[in-house]
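Letter by letter, the sequence shown follows residues 227 to 342 of this note's numbering.
Backbone N, C-alpha and C define an ideal beta-carbon position, used for all residues, glycine too.
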Amino acid sequence: MSDVRQPMPRPRTVGEYVAARSQMIDTHGEPLRLAYCASCAREHFTVEPCAAEAACPRCASTSSRCRRPSGHEADAWHVERAAAFEQLCAAREAAGLPQVARWPENAPALFPWPAG
Ligand SMILES: [Zn+2]
Ligand SMILES: [Zn+2]
Numbered sequence: 227m228s229d230v231r232q233p234m235p236r237p238r239t240v241g242e243y244v245a246a247r248s249q250m251i252d253t254h255g256e257p258l259r260l261a262y263c264a265s266c267a268r269e270h271f272t273v274e275p276c277a278a279e280a281a282c283p284r285c286a287s288t289s290s291r292c293r294r295p296s297g298h299e300a301d302a303w304h305v306e307r308a309a310a311f312e313q314l315c316a317a318r319e320a321a322g323l324p325q326v327a328r329w330p331e332n333a334p335a336l337f338p339w340p341a342g
């Protein structure tokens with residue numbers, strides 16, 4: 227697992243995260259690049275696995291949002307999906323691919339988000 231850490235503290239809100247994104251780096255120390263992804267219909271880092279590759283074990287969503295039992299979109303990913311995503315990132319890193327570097331606090335790369 228890479229020792230490279232983001233150069234800023236872990237954002238506490240999505241707003242702080244959005245502000246930090248342009249300064250964030252990957253596990254090889256290179257700047258991250260954002261790109262629009264047609265598979266999940268949102269912008270994410272090019273090194274990140276796509277949400278479409280991390281189906282949720284609980285609600286089976288493969289879109290960028292999890293779904294509530296009502297069918298409405300959930301505010302955050304289910305914890306099982308966040309864990310599956312982290313495992314996917316770790317497997318790619320172990321295979322030598324750059325991934326989003328972890329926060330200095332040693333928290334998971336991006337998930338779970340604190341409430342807002
Ligand atoms: Zn995607
Ligand atoms: Zn889910």
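Item                                                                                                                                       : Value
In whole angstroms, what separates the C-alpha of E306 from that of Q313?                                                                  : 11 Å
Among residues of its own chain, excluding the 5 on either side of T288, which ones have a beta-carbon nearer than 6 Å to its beta-carbon? : A278 and A281
What does the shell around ligand 1 hold, if a residue joins when its beta-carbon is under 5 Å from any heavy atom?                        : C263, S265, C266 and C276
Thinking P324 and E256 are a contact (beta carbons under 8 Å), I'd like their distance in whole angstroms, please.                         : 7 Å
Kindly indicate which residue of H270, A308 and F271 has the alpha-carbon position closest to the one of C285.                             : A308
So, under 8 Å CB-CB, L260 and V326 are touching, yes? Tell me the CB distance rounded to an integer number of Å.                           : Between V326 and L260 the Cβ distance is about 11 Å, and since that is not below 8 Å, they are no contact.
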